[in-house]
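In what follows, a structure is listed as structure tokens, so that the remarks can point back to it.
In UniProt numbering, the protein residues as written are 1 to 180.
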């Protein structure tokens, strides 16, 4: 295992890994189940903008998930949303049109709004759900910034959650990117 020596140099040390450790030689097979499994391993982890506190922000969260499949996404949310794949410009669509597009998208689809990227999970009773590393959100279905609280972690939410600017996530979705 690589390790930093006391003088800052690279050292290689031998170590044992615990039985059942989450290790694999090579990449995981790219399946919807594996995408969700990787995402849910991070559920509840602290949010860290730009890697602050040794944690992930939204784009590091999605990037790290896809790296386990050998898919290297750009570091930031907008380039991830526009990465060559199945990008759909949703910026001019209504919330209902966006929900319909998401309903036909596979789990693991990237969902982007200005400054934030999320992973689509699926829908329950027609309501789309996402998992994302987020800083602050408010109550679902309530317009306006009142009630917005610090979330500061990887969480599962629906797309009707309120943002600090008083609009909902679904109102702000600009790109839907189906990674194939």
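We put the CB at the ideal spot given by N, CA and C, even for glycine. Quantities reported herein were computed from a predicted structural model and do not represent experimental measurements.
Would you list the residues sitting across from residue 157 in a DSSP beta bridge?
Position 157 of the chain shown holds residue 157. Its beta-bridge partners are 130.
So, for residue 85: in the same chain, excluding its five sequence neighbours on each side, which residues have a beta-carbon less than 7 Å away from its beta-carbon?
If you number the chain shown from 1, residue 85 lands on position 85. Here the set comprises 177, 178, 179 and 180.
Skipping 5 residues on each side, what residues in its chain have a beta carbon closer than 8 Å to that of residue 105?
Counting from 1 along the chain shown, the entry for residue 105 is found at position 105. Contacts found: 120, 176 and 178.
Looking at residue 44: is its Cβ nearer than 9 Å to the Cβ of residue 155?
In the chain shown, residue 44 corresponds to position 44, counting from 1. In the chain shown, residue 155 corresponds to position 155, counting from 1. Yes; because the gap between Cβ atoms is below 9 Å, this pair is in contact.
Taking its Cβ as the centre, do 16 or more other Cβ atoms sit within 10 Å of residue 128, making it buried, or is it exposed?
Taking the first residue of the chain shown as position 1, residue 128 is located at position 128. Answer is buried; the Cβ neighbour count reaches 16.
Use the C-beta contact count for residue 32: other C-beta atoms within 10 angstroms, 16 or more gives buried, fewer gives exposed.
Reading the chain shown from its first residue, position 32 is the one you call residue 32. Classification of residue 32: exposed, given that the 10 Å Cβ count is below 16.
In three-state terms, what does DSSP make of residue 103?
Here the question's residue 103 lines up with position 103 in the chain shown. Helix, per DSSP.
Once the 5 residues before and after residue 65 are set aside, which same chain residues still bring their CB inside 6 Å of it?
The residue given as residue 65 occupies position 65 in the chain shown. Contacts found: 38 and 39.
Taking residue 1 as the reference, which of 16, 91, 8 and 98 has the closest Cα?
One-based indexing of the chain shown puts residue 1 at position 1. The shortest Cα separation from residue 1 among 16, 91, 8 and 98 belongs to 16.
Quick check: what's the CA-CA separation for residue 162 versus residue 27?
Mapped onto the chain shown, residue 162 falls at position 162. Mapped onto the chain shown, residue 27 falls at position 27. Using only the alpha carbons, I get a separation of about 36 Å.
Residue 50 to residue 133, Cα distance in whole Å?
Within the chain shown, residue 50 is the residue found at index 50, counting from 1. Within the chain shown, residue 133 is the residue found at index 133, counting from 1. Cα-Cα distance, rounded: 12 Å.
Which complete beta strand (DSSP E) runs does the segment 4-57 hold, if anything under 3 residues is left out?
Runs of the beta strand (DSSP E) inside the segment 4-57: 10-12.
Please state whether the Cβ-Cβ distance between residue 219 and residue 110 is less than 9 Å.
Nothing can be reported for residue 219: it is not among the residues displayed for the chain, which extend from 1 to 180.
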